[in-house]
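Residue numbers (the numbering used here): 83 to 408.
Note that beta-carbon positions come from the ideal geometry of N, C-alpha and C, so glycine has one too.
Below is one structure, written out as structure tokens; comments come after it.
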Ligand SMILES: [Zn+2]
Ligand SMILES: [Zn+2]
């Protein structure tokens with residue numbers, strides 16, 4: 083499914099089988115998650131995608147062929163391919179352990195063709211080996227919703243117990259399970275009157291659920307915003323306690339309205355999360371081998387990518403949308 087031009091529907095196309103470069107593997111795709119970032123790319127809010135582009139950066143598949151310099155992966159291995167598809171290794175960010183900020187990074191499904199397809203190629207060093215348990219459609223959302231949720235969660239520090247999550251979609255439903263597994267409490271804020279999402283959060287063990295416009299029932303140690311809604315930032319600041327942090331987990335957000343300084347005062351912090359590092363992936367996949375997470379998904383055949391994107395756009399999906407091939 084190909085994006086030929088932003089702001090247009092994806093087009094179903096027959097394309098030549100990609101061939102792996104020396105450090106790449108050819109992957110037969112089992113499933114690929116549909117992420118809000120795909121919408122931002124298709125809608126032209128993220129500028130300069132590769133065009134034409136095969137979107138998709140939550141890929142689960144099997145290695146079908148290895149390039150001649152591939153060292154670790156073998157044919158038949160189960161792998162996941164995330165958003166981070168390449169880093170240069172030499173810029174100051176790469177050298178300082180912040181490869182997520184690499185000046186020359188390549189991103190799967192944005193500047194590199196991604197997973198809305200039957201086959202793709204990926205650089206070996208950026209594929210994560212997956213355990214069998216996650217080698218299916220349900221594993222796909224882990225590759226972005228899971229990873230970005232985890233990186234956002236890492237920003238709040240080990241002492242935050244009461245955590246607000248604003249926007250209860252794919253990332254939130256994975257993170258909630260992980261956080262509760264680590265003894266934390268989740269306060270889930272959804273779109274106002276979205277009773278389905280509130281019930282979903284409750285079923286996953288949230289300590290409290292409510293409308294995003296409602297004040298938190300108690301002061302929070304940290305807040306993570308997954309909804310792309312800038313006005314949630316001052317609201318979340320209002321809900322967090324002294325010294326608390328508000329983490330924006332999305333790649334794009336509507337403008338943030340101005341707000342009085344006292345909301346930020348008392349050493350509250352605001353930060354954003356950009357991309358992921360391979361270290362995040364290693365840590366995350368190790369953690370979910372100890373605290374298993376179940377993803378709630380809605381699957382679509384690959385050729386219905388436009389329908390899946392549309393459902394995501396309108397909030398008609400509980401958990402995550404996933405495209406399945408074959
Ligand atoms: Zn770099
Ligand atoms: Zn994503």
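Closest by C-alpha distance to residue 246, out of 255, 304, 222, is 304. DSSP places residue 354 outside any alpha helix (DSSP H); the residue lies instead in the beta strand (DSSP E), whose first and last residues are 351–354. Boundaries for residue 274: no alpha helix (DSSP H) harbours it, and the DSSP string shows neither H nor E there. With the rule of 3 Cβ pairs closer than 8 Å, the region 88–106 counts as touching the region 188–206.
Counting only the Cα atoms, residue 400 lies some 23 Å from residue 111. For the pair residue 384 and residue 127, the Cα-to-Cα distance works out to about 24 Å.
With 16 or more other CB atoms across the displayed protein chains lying within 10 angstroms of its CB, residue 255 is buried.
For residue 369, same chain residues with a beta-carbon under 8 Å away, outside a window of 5 residues either side, are 232, 260 in chain order. Scanning its chain for C-beta atoms nearer than 8 Å, with the 5 sequence neighbours on each side dropped, one finds around residue 92 the residues 83, 84, 85, 124, 137, 198, 387, 388, 391, in chain order.
Around the Cβ of residue 133, a 10 Å sphere holds fewer than 16 other Cβ atoms; the residue is exposed. In terms of side-chain proximity, the C-beta atom of residue 359 is found no nearer than 7 Å to any non-hydrogen atom of ligand 2. Under the criterion of beta carbons closer than 8 Å, residue 307 and residue 291 do not qualify as touching, at roughly 16 Å. Residue pairing by DSSP places residue 190 opposite 194 in a beta bridge. Taking 8 Å as the upper bound for CB-CB distance, residue 283 and residue 270 are in contact here, some 4 Å apart. Using a C-beta cut-off of 8 Å, the region 336–353 makes no contact with the region 364–379, since fewer than three inter-stretch Cβ pairs fall below that distance. Contact check for residue 358 against residue 229 passes: the beta carbons are separated by less than 8 Å.
Put simply, the backbone Cα of residue 288 is about 13 Å away from that of residue 243.
Annotation for residue 320: no beta strand (DSSP E) segment contains it, though the alpha helix (DSSP H) segment containing it runs 314–321. Residue 246 is bridged by DSSP to 269, 305. Under the criterion of beta carbons closer than 8 Å, residue 236 and residue 331 do not qualify as touching, at roughly 11 Å. Closest in alpha carbon position to residue 344, among 334, 322, 361, is 322.
The beta carbon of residue 115 is closer than 6 Å to those of 140, 222, 223, 402, 404 in its chain, skipping five residues each way along the sequence.
Shown here, residue 217 sits in coil according to DSSP, grouped into three states, outside any helix or strand. Around ligand 2, the residues whose beta-carbon falls short of 6 Å from at least one of its heavy atoms are 117, 119, 139, 165, 226, given in chain order. As a beta-bridge residue in DSSP terms, residue 205 pairs with 106.
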